[in-house]
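Okay, so here's the structure we're looking at.
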Amino acid sequence: MAGCIRIDDSGKPAGSISQFLYDYLVLPTQQFIELLHGIFGSYGLAIIAITIIVRILILPLSIRQQRATMEQQVKMSVIKPAADEIQAELKSVTDPKEKQELNAELMSLYRENNVNMLGGLGCLPLLIQMPVFTAMFQAIRMSESIQNASFLGIGLGERSILLALATGAVYYIQSRVMLLGMPEDQRKQSNTMMLMNPIMLLFISFSSPAGLTLYWLVGGFVAIAQSVITTFYYKPKVQAELKEKHGEVQVVERKRKPRKEAEKVVDNSQNASSSNRNKKNASPFESKNKRNQGKQKR
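For the sequence shown, the working numbering gives the first residue as 11, with consecutive numbering after it.
Next comes the structure, spelled out in structure tokens:
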């Protein structure tokens, strides 16, 4: 979204969409930064204040998302054995009809146990920050005052390798803290995905003005504090509430037999019926010979 606003040679928005975004997104952000600059006497402190304000505003959504995620984890632990069994069968079958039946069974398992595969609010807290990110980027880019300002000796309108490296390190620490609160199996699955965020922000910070990198850096520190509070205080509290609400977890079993077991049952029944037919269709001469052999033995 940072490149949504096109600028002409004179430094003004080019086109109606760019003008609309500038008037209702970028300009209010610039005015707010100027207001905070008047209070704190520093553009750097103004950016830090905006970052904290944005994080506080989206905090209720983040907490709600984390609670929804914890509830989904409880529900997933209930259906995990049955879901793993179905997914293992899906990998082994080649018949399209059987695959369709197994997929339908898996979806039914999720639906009956109220498991939401989208994970509650999903990326909503992150998406809400995107307009702020765009506004901050363009506000810094289009304001000569901010471009020429500095914070702790770093020009806010220039790129800063030091701030970029610090941002990558902070978000890496935040991802490690988040992994601490996950179950072992989920931690292994999420390990690679968790590394993507700090790597992505590292590259964004390398190519962004230091004022925007400062926004991400401060946001990372706030995110670490939030993750620590969530992992070591809020999560145990919510888990206790969920345990009281749902009671002890009772594992859900599949309604239909696994494919291999069903095949064994079919094979056994076919073998039994085949054996019965052989007995019925046995030749009278064979029966007579068997009886004679029995008499001779006696």
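Where a beta carbon is used, it is the ideal one built from N, C-alpha and C, also for glycine.
{"Item": "Cβ separation of Ala220 and Ser170, assumed to be a contact under 8 Å, to the nearest whole Å", "Value": "4 Å"}
{"Item": "Cβ distance (whole Å) where Val7 is taken to contact Ala149 below 8 Å", "Value": "Here the chain covers residues 11 to 308 and nothing more, so residue 7 does not appear."}
{"Item": "Element boundaries [alpha helix (DSSP H), containing Ser153]", "Value": "First-last for Ser153: undefined, no H or E at that position."}
{"Item": "Through-space distance from Gln236 to Leu190, alpha-carbon basis", "Value": "13 Å"}
{"Item": "Whole-angstrom distance between Met140 and Ile240, CA atom to CA atom", "Value": "The amino acid at residue 240 is misidentified as Ile; the sequence shows Thr. Answer to the nearest angstrom: the Cα atoms are 23 Å apart."}
{"Item": "DSSP three-state assignment for Gly163, whether helix, strand or coil", "Value": "coil"}
{"Item": "Closest by C-alpha distance to Ser52, when choosing among Trp226, Asn201 and Gly163", "Value": "Gly163"}
{"Item": "8 Å contact criterion, which Gly229 and Thr39 should meet: CB distance rounded", "Value": "Not really, about 15 Å apart at Cβ, beyond 8 Å."}
{"Item": "Straight-line gap, Ile214 to Leu119 (C-alpha atoms, nearest Å)", "Value": "41 Å"}
{"Item": "Nearest-angstrom Cα separation, counted from Ser200 out to Asp277", "Value": "Per-residue confidence for Asp277 stands at a pLDDT of 48, beneath the threshold of 50, marking its modelled position as unreliable; the derived number appears in the next sentence. Looking at the two C-alpha atoms, the distance is approximately 42 Å."}
{"Item": "Cβ pair Val248, Met146 closer than 8 Å", "Value": "no"}
{"Item": "Residue environment, Lys198, which counts as buried when at least 16 other CB atoms sit within 10 Å", "Value": "exposed"}
{"Item": "N-terminal and C-terminal residue of the alpha helix (DSSP H) that Leu172 is part of", "Value": "Ile171 to Leu190"}
{"Item": "Gly51 - DSSP class collapsed to helix/strand/coil", "Value": "coil"}
{"Item": "Straight-line Cα distance separating Gly54 from Glu168", "Value": "13 Å"}
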